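Below is one structure; the comments refer to it alone.
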Amino acid sequence: MTSSSKNSFGVLMLQMMVLSLLVNLQAEGQGLKVGFYEKSCPHAEKIVSDVIKEVMAVAPSLSGPLLRMHFHDCFIRGCDGSILLDSPTRQSEKYAPPNLSLRGFNIIDRVKLALEKACPGLVSCADIVALVARDVTVATKGPYWEVETGRRDGKVSLISDLANPVTGLPPFSSNITALKQSFALRGLSTKDLVVLSGGHTIGMSHCSSFESRLYNFTGKGDTDPTMDPNYIARLKLKCKPRDQTTLAELDPGSFKTFDDSYYKLVTKRRGLLESDAALLNDVETRAYLVQATSHGSTFFKDFGASMVNMGRIGVLTGSQGPLGQGIANAVGLALAEKHLAARYNKPDAEIVDHYTYCILGDGCQMEGISNEACSLAGHWGLGKLIAFYDDNHISVDKRFEALGWHIIWVKNGNTGYDEIRDAIKEAKTVTDKPTLIKVTTTIGFGSPNKANSYSVHGAALGAKEVDATRQNLGWPYEPFHVPDEVKKHWSRHTPDGAALEAEWNAKFSAYESKYPEDAAELKSIVTGVFPAGWEKALPELAGLPTMELIHKDGTHPTNTFIC
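Using our numbering, the letters of the sequence shown correspond one by one to residues 118 to 680.
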């Protein structure tokens, strides 16, 4: 591709990003839907339900841990099943202290095995965790709700994610302000907070989770004054100081039954955890406690709705993947371009000449794989790699400079179209380094009430705010509508693309006439079709011991070494 074809890339990219933002702001978790497996695995939900019924008949105490497994999964990296990933060095999420009380991983394995027998490779573990949470609730006489499915499984699980005071799980000792912030960060409302807390109506907690409330609340050997003294006395009979093994019922008397008695306990100052007691310290949460203990309680209905909301946090659907995957792939693509150019370009025929563009954000920068890939890009001098970093004021400039990158800063990424054009032009003048274009933007740009706030990070704006954003940006169109002027602007480049392709094909035809062997080899690489007789080029390991490799079909391969 010639350089003239790329001059408008930055403008087009920005326009399509804005268009995509406007038509997709409606909800986190796009791609999820009820009945996702209806055609591919029609009995999937029944299979999950049947296994859970069998388990609950003999081990009802697993209901609480299995319900909370979904919560713990969704709050770290989104609902991607990463809570299930194991680690030989015990460095995955499941080994973090807040997750050590979770049980039932073998039940998830049991469900997965049953699904694999019926529909191999179709139902994700992330969806299994969500379905199991619903089915254990139903099995303990709780509400039924339709579970949206279609999640893909994540591939990253780090114990360090839970140590982050902002993005980790809210501690048992959280006050109401911290709880509301944690839920808001994930796009959940204060109502979701108090409703989902009602899940504590089933299950148990380690004494160590609330020991300080009984013995040393302020470090002076005192008890928590917000907890009923009589309840403290009862708990002390079961939980001794420094007790790391004993479990206490979160909802004494009905911890195996999903009901509204949890709220009655909290209003009587008998919530087991500090986070339970904190619900009394906010007007909205306290009002819900009162409503949930009345005859007009809507708790069951609300719980299903809030579980659906939580199930949409940070999901991977369609072709989405783990953070860091994009920049790592971009480095690989840029390396391929440099290798092919070095191998096949001639002084009189430059047939491999294209750029690799990548967009990455703050989350991508936090991944180890990103740093490793970018280090390789700098070391290899991939001058045709241009990465656009959506900068929300987290400094990475010096790190990328140290990795051997050229840095350009676009200070107005919201509307600075000319700045973006100029940055791309500058990046192309630097041929011995990859370029990071730091584009400073306003998170939630255009939203009148949520722009530049943590509440819009990774969360849906909500229908009302989407409407307000459309009005604020002067975008009167219905959702998913592409205006004619945008279509025309986009389609006017179609002839340009066709002309450039024809130009390159003519160039390659001339190359093929002059360098037929190289052209044939490049064609083979691009198409993935090996030339006839390729297997004859494989070296025979004559004189070496036979390699007894057995294929799954029971056959023995030839004694050939393949790298």
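Note that beta-carbon positions come from the ideal geometry of N, C-alpha and C, so glycine has one too. Computed from a prediction, not measured in an experiment: that's the story for all the values here.
In the structure shown, what three-state DSSP assignment does Thr384 receive?
Thr384 falls in the helix class under three-state DSSP.
Measuring straight from C-alpha to C-alpha, what distance separates Phe416 and Ala295?
Rounded to whole angstroms, Phe416 to Ala295 spans 23 Å at the Cα level.
So Leu502 is in the beta strand (DSSP E); what residue range does that whole segment cover?
Element bounds for Leu502: 502 to 508.
Please classify Ala649: is it buried, with 16 or more other beta-carbons within 10 angstroms of its beta-carbon, or exposed?
Per the 10 Å Cβ criterion, exposed.
Going by beta-carbon coordinates alone, are Gly198 and Cys236 separated by less than 7 Å?
The answer is no: Cβ separation not under 7 Å.
Establish whether the CB of Asp470 and some CB of chain D are separated by less than 7 Å.
Protein chains in the displayed structure number just one, and chain D is not present.
Taking buried to mean at least 16 other C-beta atoms within 10 Å of its own C-beta, is Gly441 buried or exposed?
Per the 10 Å Cβ criterion, buried.
Counting along the chain, where does the beta strand (DSSP E) carrying Ser322 start and finish?
From DSSP, the beta strand (DSSP E) with Ser322 extends over 321 to 323.
If we count Cβ pairs, one from each stretch, closer than 8 Å, do we get three or more for the stretch 321 to 330 versus the stretch 296 to 307?
Counting Cβ pairs under 8 Å, fewer than three are found: no touch.
In three-state DSSP terms, what is Lys357?
In this structure, Lys357 counts as coil in the three-state DSSP scheme.
Which residue comes first and which comes last in the alpha helix (DSSP H) that contains Glu602?
Per DSSP, Glu602 belongs to the alpha helix (DSSP H) from 601 to 608.
Taking only the alpha-carbon atoms, compute the straight-line gap between Glu155 and Tyr632 and give it to the nearest angstrom.
Going from the Cα of Glu155 to the Cα of Tyr632 covers about 54 Å.
Return the first residue and the last residue of the alpha helix (DSSP H) that Leu406 is part of.
Taken as a continuous stretch (DSSP letters only), the alpha helix (DSSP H) holding Leu406 covers 400 to 409.
Report the CB separation of Glu284 from Leu184 in whole angstroms; it is logged as a contact under 8 Å.
Before going further, note that residue 284 is Thr rather than Glu in the sequence given. Their Cβ separation, rounded to whole angstroms, is 22 Å, which puts Thr284 and Leu184 out of contact at 8 Å.
In chain order, what residues of the same chain lie with their CB nearer than 8 Å to the CB of Leu477, ignoring the 5 residues before and after it?
If we look at Leu477 and ignore the five residues flanking it on each side, its Cβ neighbours are Gly443, Ile444, Ser487, Ala504, Phe505, Tyr506, Asp507.
Any idea if Pro551 is buried or exposed, counting beta-carbon neighbours within 10 angstroms, 16 or more meaning buried?
The residue in question, Pro551, is buried, as its Cβ has 16 or more Cβ neighbours within 10 Å.
Mapping DSSP to helix, strand and coil, what is Arg460?
Note: Arg460 maps to helix in three-state DSSP.
Whole angstroms is fine: what's the gap from Thr307's alpha carbon to Arg403's?
Their Cα atoms are separated by approximately 11 Å.
In or out: Glu454 buried (at least 16 other Cβ within 10 Å) or exposed?
It is buried - the Cβ of Glu454 has at least 16 other Cβ atoms within 10 Å.
Do you know whose CA, among Thr318, Asp535, Ser322, lies nearest Ala409's CA?
Of the listed residues, the one whose Cα sits closest to Ala409 is Thr318.
What whole-angstrom Cβ distance do Ser274 and Leu202 have, given they're in contact under 8 Å?
Sure, about 4 Å apart at Cβ, within 8 Å.
When you compare only the Cα positions, how much space is there between Ile642 and Gly320?
If I take the Cα positions, the gap works out to 58 Å.
Rounded to the nearest angstrom, what separates Asp244 and Cys481 at their Cα positions?
Their backbone Cα atoms lie some 24 Å apart in a straight line.
Report the CB separation of Thr686 from Asn589 in whole angstroms; it is logged as a contact under 8 Å.
Outside the displayed span of the chain (118 to 680) sits residue 686, for which this structure offers no information.
Could you check if Trp262 is buried or exposed, using at least 16 other CB atoms within 10 Å of its CB as the buried criterion?
So Trp262 ends up on the buried side.
Could you check the C-alpha separation between Gly271 and Met424 for me, to the nearest Å?
Using only the alpha carbons, I get a separation of about 20 Å.
Could you give the DSSP three-state label for Lys163: helix, strand or coil?
In the structure shown, Lys163 sits in a helix (DSSP, three-state: H, G or I).
Measuring CB to CB, does Gly495 end up less than 7 Å from Trp526?
Taking 7 Å as the Cβ cut-off, Gly495 and Trp526 do not qualify as a contacting pair.
Please state if the CB of Val228 and the CB of Val165 are separated by a distance shorter than 7 Å.
Going by C-beta atoms, Val165 is nearer than 7 Å to Val228.
Below 8 Å, how does it come out for the stretch 449 to 463 and the stretch 328 to 346: are there three or more Cβ pairs, yes or no?
Too few Cβ pairs lie closer than 8 Å, so no.
For my contact list, Val240 and Ile225 are in at a C-beta cut-off of 8 Å; report their separation, rounded to the angstrom.
Contact flag wrong, Cβ pair sits at about 12 Å.
Confirm the yes/no value for this check: CB of Ser290, any heavy atom of the ligand HEM, distance under 6 Å.
The model depicted lacks the ligand HEM and carries no ligand whatsoever.
DSSP state of Ile525, grouped into three classes?
Ile525: strand per DSSP, three-state reduction.
Which full runs of the beta strand (DSSP E) of 3+ residues lie inside the stretch 467 to 497, going along the chain?
Whole beta strand (DSSP E) segments, 3+ residues: 473 to 477.
Residues in the same chain with beta-carbon distance under 8 Å from Leu406, minus the five sequence neighbours each way, listed in chain order, please.
These residues qualify, in order along the chain: Val311, Tyr380, Val383, Thr384, Leu396, Leu397.
Ends of the alpha helix (DSSP H) at Leu313?
Here the alpha helix (DSSP H) through Leu313 covers 307 to 314.
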